[in-house]
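Residue numbers (this note's numbering), protein chains in the order written: chain G, 1 to 509; chain A, 1 to 509.
Glycine included, each C-beta is placed from N, C-alpha and C at the ideal position.
See below for the structure under consideration.
There are 2 protein chains.
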Amino acid sequence: MHDPVADTPTPAAHDAYDTLVRRFARMGHIANALGILGWDKDTMMPSGAADSRAESIATLSVLHHGIMTTPDMADLLAAAPEPGDAWQAANLQEMRRLHAHAMAVPPDLVEAASRAASRCEMAWRTARRDSDFASLLPYLEDVLARTREIAHAKAEALGLSPYDALLDQYDPGTRQADIDPVFRRLSTQLPGLIADALEHQRAHPAPALPRGPFATAAQAALGQEIMRTVGFDMARGRLDVSLHPFCGGAEDDVRITTRYEEGDFLNALMGVVHESGHALYEQGLPRAWHSQPVGAARGMSLHESQSLLMEMQVCRSAEFMTWAAPVIATALGGDIQSPEWSADTLHRQVTRVRPGFIRVDADEVTYPAHILVRYEMETALINGQMTLHDLPGAFNARLYDLLGLRVTEDRLGCLQDIHWPSGSWGYFPTYTLGAMIAAQLREAAQKACPTLMEDIARGDFSTLLTWLRTHVHHRASSAAMRDIVRDATGAPPGPDAYLRHLRHRYCGQ
Amino acid sequence: MHDPVADTPTPAAHDAYDTLVRRFARMGHIANALGILGWDKDTMMPSGAADSRAESIATLSVLHHGIMTTPDMADLLAAAPEPGDAWQAANLQEMRRLHAHAMAVPPDLVEAASRAASRCEMAWRTARRDSDFASLLPYLEDVLARTREIAHAKAEALGLSPYDALLDQYDPGTRQADIDPVFRRLSTQLPGLIADALEHQRAHPAPALPRGPFATAAQAALGQEIMRTVGFDMARGRLDVSLHPFCGGAEDDVRITTRYEEGDFLNALMGVVHESGHALYEQGLPRAWHSQPVGAARGMSLHESQSLLMEMQVCRSAEFMTWAAPVIATALGGDIQSPEWSADTLHRQVTRVRPGFIRVDADEVTYPAHILVRYEMETALINGQMTLHDLPGAFNARLYDLLGLRVTEDRLGCLQDIHWPSGSWGYFPTYTLGAMIAAQLREAAQKACPTLMEDIARGDFSTLLTWLRTHVHHRASSAAMRDIVRDATGAPPGPDAYLRHLRHRYCGQ
Chain G
1 MHDPVADTPT
11 PAAHDAYDTL
21 VRRFARMGHI
31 ANALGILGWD
41 KDTMMPSGAA
51 DSRAESIATL
61 SVLHHGIMTT
71 PDMADLLAAA
81 PEPGDAWQAA
91 NLQEMRRLHA
101 HAMAVPPDLV
111 EAASRAASRC
121 EMAWRTARRD
131 SDFASLLPYL
141 EDVLARTREI
151 AHAKAEALGL
161 SPYDALLDQY
171 DPGTRQADID
181 PVFRRLSTQL
191 PGLIADALEH
201 QRAHPAPALP
211 RGPFATAAQA
221 ALGQEIMRTV
231 GFDMARGRLD
241 VSLHPFCGGA
251 EDDVRITTRY
261 EEGDFLNALM
271 GVVHESGHAL
281 YEQGLPRAWH
291 SQPVGAARGM
301 SLHESQSLLM
311 EMQVCRSAEF
321 MTWAAPVIAT
331 ALGGDIQSPE
341 WSADTLHRQV
351 TRVRPGFIRV
361 DADEVTYPAH
371 ILVRYEMETA
381 LINGQMTLHD
391 LPGAFNARLY
401 DLLGLRVTED
411 RLGCLQDIHW
421 PSGSWGYFPT
431 YTLGAMIAAQ
441 LREAAQKACP
451 TLMEDIARGD
461 FSTLLTWLRT
471 HVHHRASSAA
481 MRDIVRDATG
491 APPGPDAYLR
501 HLRHRYCGQ
Chain A
1 MHDPVADTPT
11 PAAHDAYDTL
21 VRRFARMGHI
31 ANALGILGWD
41 KDTMMPSGAA
51 DSRAESIATL
61 SVLHHGIMTT
71 PDMADLLAAA
81 PEPGDAWQAA
91 NLQEMRRLHA
101 HAMAVPPDLV
111 EAASRAASRC
121 EMAWRTARRD
131 SDFASLLPYL
141 EDVLARTREI
151 AHAKAEALGL
161 SPYDALLDQY
171 DPGTRQADID
181 PVFRRLSTQL
191 PGLIADALEH
201 QRAHPAPALP
211 RGPFATAAQA
221 ALGQEIMRTV
231 GFDMARGRLD
241 VSLHPFCGGA
251 EDDVRITTRY
261 EEGDFLNALM
271 GVVHESGHAL
281 YEQGLPRAWH
291 SQPVGAARGM
301 SLHESQSLLM
311 EMQVCRSAEF
321 MTWAAPVIAT
331 ALGGDIQSPE
341 WSADTLHRQV
351 TRVRPGFIRV
361 DADEVTYPAH
371 ILVRYEMETA
381 LINGQMTLHD
391 LPGAFNARLY
401 DLLGLRVTED
411 RLGCLQDIHW
421 PSGSWGYFPT
431 YTLGAMIAAQ
441 LREAAQKACP
451 TLMEDIARGD
461 FSTLLTWLRT
471 HVHHRASSAA
481 MRDIVRDATG
491 APPGPDAYLR
501 HLRHRYCGQ
């Protein structure tokens with residue numbers, strides 16, 4: 001069928017790269033449309049529009065996939081001469097990687113997997129509510145089977161192991177062989193570190209927080225003020241409300257969300273700074289390469305490093321609270337003089353350690369334990385070393401090893417996350433890789449700019465942002481994540497800076 | 001180029017219709033996406049996203065056009081056997097009409113016209129501000145030339161006159177030969193009617209309105225309450241704010257906007273009921289035919305009749321204000337007992353007659369004069385009976401005939417509207433055709449349901465909505481507009497009911 005966005009006849013080799021650039025630009029424009037439609041679905045869309053919206057999103061996704069899988073695409077990718085320019089060469093390489101991912105999986109498997117995921121997500125909502133793993137099992141078996149088929153198909157096409165092929169979808173270039181030693185190291189250190197942190201915390205009880213209610217409008221105005229302060233460009237983005245905070249939207253239109261509770265302003269605020277970290281990365285990508293593969297963010301680990309650097313490394317620090325405490329008190333009508341609005345109070349509140357069952361509620365110290373469990377489970381399941389029947393037992397045993405908590409209901413254990421039911425296998429490790437990279441980048445930035453944290457204590461984020469723009473944001477996908485981290489910090493992603501950070505902040509070491 | 005949304009190979013004749021249904025459904029899903037992206041552009045989008053959004057909208061429009069102009073489309077439309085079912089037959093007929101419109105104009109002319117319009121819109125903003133027609137002239141010459149080329153190309157393809165070919169884009173099936181006698185009749189009656197209305201009004205001076213400020217939030221809450229009352233389904237739509245009120249969005253997601261002034265709550269409220277009239281039409285279209293041509297609204301005249309029936313015929317009536325006055329007073333913190341919040345005060349305020357230069361500010365009685373002038377000008381210009389050099393003089397002379405106002409600056413005359421600079425020629429008559437049809441439908445509904453206005457005086461819109469659903473909304477594009485109006489009212493669109501309505505409401509006759 002004739003496609004008006006095509007450039008037929010297939011051009012000669014010397015035009016091949018230009019043709020590819022035009023096609024990927026069109027895919028980028030469709031992706032931007034999908035970004036806004038997705039944001040709208042979670043923030044603005046009336047409930048009755050769900051089916052109509054699903055049809056539009058599906059149609060645009062098919063059109064996007066259709067451009068990627070055009071029959072002459074492989075010829076163009078093969079015919080295109082290696083560009084002399086490094087960015088163009090990296091762009092062509094990314095085009096080839098994305099094309100390989102798209103072509104590796106037969107359309108009927110894509111469809112079967114997406115149907116299995118939709119069914120499983122439905123079953124999961126009930127199963128989690130009823131803490132009934134047995135009722136989810138047949139659906140999750142189906143999702144896992146399809147995911148493993150996809151993993152093997154991509155492994156074949158990309159010359160990777162099945163788990164690495166899944167990982168590569170979220171974190172290009174990262175391999176299980178890179179993660180295993182790092183996570184092993186973490187898992188040996190974590191239990192002792194958590195014990196020390198709790199011990200240290202007992203010696204420093206947290207003072208009482210100011211009591212609400214805090215009007216949503218005032219919290220939103222405060223959120224926007226903080227966004228502007230950390231460097232968010234309000235002319236190229238927005239702040240809105242959704243059930244779960246996220247960063248979405250499109251190029252030059254980065255939209256973050258949070259959720260307000262009138263009784264607790266810190267949750268919404270930490271949501272805003274976390275998503276602002278993601279947004280600053282998107283807003284900092286080189287505009288000259290918009291809508292080209294090389295211009296995209298370099299995977300989920302580095303993306304999460306940007307949100308965690310902003311939230312955990314910077315905005316939960318004593319220095320940030322030195323500047324922020326009076327700003328927050330003023331915005332929420334509190335008394336700047338009173339101890340409950342002091343920087344010390346707020347800092348200690350946002351650094352409380354409370355081991356718990358729920359990953360998304362976990363603090364900075366216990367969070368990695370939740371990820372280590374999930375990573376070990378999903379690698380074993382994908383690699384066929386474990387079956388889903390054994391998942392709850394294995395999950396709970398491992399959580400006990402790491403956190404000392406006994407799961408009594410699966411809704412507090414392996415049923416709590418939507419990732420596996422929705423088919424997102426290979427995603428979990430990026431959270432903790434991101435946390436480690438965040439600490440590593442912060443240490444490097446601090447070393448390069450000794451005034452970094454003093455500047456932040458004055459509400460001046462330009463030192464931090466300038467460094468991040470140069471060493472992370474502006475590089476986009478022009479290099480592998482490991483190389484971006486190595487160039488920025490002198491070492492590949494590792495746990496040392498992260499462990500130093502946790503011991504320093506939580507154990508007073 | 002391979003297109004994944006195609007169904008290759010081209011199917012046998014007996015499948016042709018089903019194939020067309022699938023393709024038009026896909027175009028419908030893209031149109032829904034474009035509807036949300038357009039709404040977002042005017043309500044939510046940050047300024048910096050303008051270019052990125054324009055790229056996305058252009059790409060989706062090209063994809064939509066590409067499906068319509070697929071080479072085998074003509075064969076499919078020819079091969080499809082006449083369906084026995086009347087709706088399917090009407091659907092096929094609409095498919096052929098839309099395809100003919102799309103194929104009639106060569107792509108390079110479409111592009112040249114759109115470039116000319118963009119340039120002219122830019123020039124128009126300055127020219128209107130400076131009231132400098134001469135500076136606009138070369139750009140408007142270019143737009144008119146391209147528009148006439150398009151008109152002749154479509155006239156050729158559709159077997160219509162050039163002006164009718166343009167009109168057919170906005171109001172399928174309506175012809176200049178239908179409009180001329182009706183508008184001539186109107187133009188002979190209007191000056192006298194306006195004089196009588198002003199005379200009658202002098203005898204009944206309007207009481208003072210309540211003074212503001214009226215908080216935007218309170219006005220918005222009132223707007224939503226009125227929307228629900230008139231029958232707007234809030235689960236399938238929204239109310240938001242934009243510079244100019246509009247009704248947009250998508251299927252099952254009809255989004256209207258208004259603009260709030262703290263000093264005047266009636267403007268925003270009348271904007272809400274006007275757009276709600278459009279929205280009720282969209283929400284009342286048969287869901288079984290969503291995303292099919294036959295399921296779409298039947299042209300701009302009938303669409304405008306729905307907004308004007310709700311705003312002018314119903315919500316500016318004494319009966320509506322009997323119900324609404326206390327609701328409005330309560331919502332805006334007014335005193336229900338005080339005369340300035342009485343139904344009589346509000347009714348008389350929303351039926352004031354004030355001849356003026358600006359069309360969009362015109363009242364119900366003088367509005368048609370603005371349309372008659374524009375219709376006479378654009379038909380003469382498209383049919384080559386006049387040149388743009390003569391436009392200002394002719395425009396001002398004709399406005400003086402009809403309204404007795406002398407235009408001293410073109411920004412108050414032929415420079416005030418964006419329609420011509422943006423290439424929307426053949427659109428203006430649908431406003432006044434809509435006003436006439438609205439009066440005709442209201443009379444017919446009243447005759448069929450004698451309690452219609454008493455029900456509205458109790459805030460019960462179900463009588464009206466039920467009648468409109470049956471006689472207008474549910475018919476969608478299954479018949480020509482003239483036939484829908486004739487079936488509903490016993491006569492084709494004409495000026496009589498409209499003139500009766502104006503004389504009754506404004507001249508006490």
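Closer than 9 Å at the beta carbon, the chain A residues around residue i
i, result
"Arg29 of chain G", "According to the sequence provided, residue 29 of chain G is His. The question's Arg does not apply to it. Simply Ser52, Glu55, Ser56, Ile57, Ala58, Thr59, Leu60."
Residue i (DSSP reduced to helix, strand or coil)
i, result
"Glu282 of chain A", "helix"
"Glu94 of chain G", "helix"
"Arg298 of chain G", "coil"
"Gly35 of chain A", "helix"
"Val472 of chain G", "coil"
"Leu239 of chain A", "strand"
"Glu311 of chain A", "helix"
"Asp264 of chain G", "strand"
Within-8 Å CB hit, residue i to chain A
i, result
"Leu98 of chain G", "no"
"Asp483 of chain G", "no"
"Gly284 of chain G", "no"
"Leu77 of chain G", "no"
"Thr19 of chain G", "no"
"Asp108 of chain G", "no"
"Gly48 of chain G", "yes"
"Asn32 of chain G", "yes"
"Met45 of chain G", "yes"
"Leu402 of chain G", "no"
"Leu63 of chain G", "yes"
Where the beta strand (DSSP E) through residue i begins and ends
i, result
"Arg255 of chain A", "253 to 258"
"Leu144 of chain A", "Taken as a continuous stretch (DSSP letters only), Leu144 of chain A belongs to no beta strand (DSSP E), being part of the alpha helix (DSSP H) at 133 to 158."
"Ala444 of chain G", "It is not in any beta strand (DSSP E) - Ala444 of chain G instead sits in the alpha helix (DSSP H) that spans 429 to 448."
"Gly223 of chain G", "Here Gly223 of chain G belongs to no beta strand (DSSP E); instead the alpha helix (DSSP H) covers 216 to 230."
"Tyr247 of chain G", "Position check: residue 247 of chain G holds Cys in this sequence, whereas Tyr was assumed. 247 to 250 is the extent of the beta strand (DSSP E) around Cys247 of chain G."
Chain A residues whose Cβ lies nearer than 8 Å to that of residue i
i, result
"Pro492 of chain G", "By Cβ distance, chain A contributes nothing, its closest Cβ being about 34 Å from Pro492 of chain G, past 8 Å."
"Arg398 of chain G", "Within 8 Å Cβ-Cβ: nothing; Arg398 of chain G doesn't reach chain A, min ~43 Å."
Chain-ordered chain G contacts of residue i [CB-CB under 7 Å]
i, result
"Glu251 of chain A", "Ser52"
Neighbour flag for residue i against chain G, beta carbons, 8 Å
i, result
"Met234 of chain A", "yes"
"Asp15 of chain A", "no"
"Ile36 of chain A", "yes"
"Arg115 of chain A", "no"
"Arg26 of chain A", "yes"
Boundaries (first-last residue) of the alpha helix (DSSP H) holding residue i
i, result
"His290 of chain G", "No alpha helix (DSSP H) contains His290 of chain G, which DSSP labels as neither H nor E."
"Met377 of chain G", "367 to 382"
Cβ of residue i within 8 Å of any chain D Cβ
i, result
"Arg128 of chain A", "In the structure shown, chain D cannot be found, because the protein chains are G and A."
Chain-ordered neighbours of residue i on chain A, where CB pairs are closer than 7 Å
i, result
"Asp40 of chain G", "Ile36, Asp40"
"Gly237 of chain G", "Pro46"
Q.
So, does the stretch 442 to 450 of chain G touch the stretch 377 to 389 of chain G, judging by three or more C-beta pairs under 8 Å?
A. no
Q. Three or more C-beta pairs closer than 8 Å, one from the stretch 402 to 413 of chain A and one from the stretch 126 to 140 of chain A: is that the case here?
A. Result yes; three or more Cβ-Cβ pairs closer than 8 Å.
Q) So does the stretch 252 to 270 of chain A actually touch the stretch 58 to 66 of chain A, counting three or more Cβ pairs closer than 8 Å? A) no
Q) Do the stretch 64 to 84 of chain G and the stretch 102 to 112 of chain G make contact, defined as three or more Cβ pairs closer than 8 Å? A) Yes, since at least three Cβ pairs between the stretch 64 to 84 of chain G and the stretch 102 to 112 of chain G fall closer than 8 Å, the two stretches touch.
Q: Spell out a yes or no on whether the stretch 234 to 243 of chain A and the stretch 183 to 196 of chain A are touching, meaning 3 or more CB-CB pairs, one atom from each, closer than 8 Å.
A: At 8 Å Cβ cutoff, the stretches do not touch.
Q: Decide yes or no for the touch test of the stretch 43 to 55 of chain A against the stretch 72 to 91 of chain G: beta carbon pairs closer than 8 Å, at least 3 of them.
A: no
(Q) If contact is defined by three or more beta carbon pairs under 8 Å, each pair taking one atom from either stretch, is the stretch 491 to 503 of chain G in contact with the stretch 430 to 442 of chain G? (A) Touching, per the Cβ criterion.
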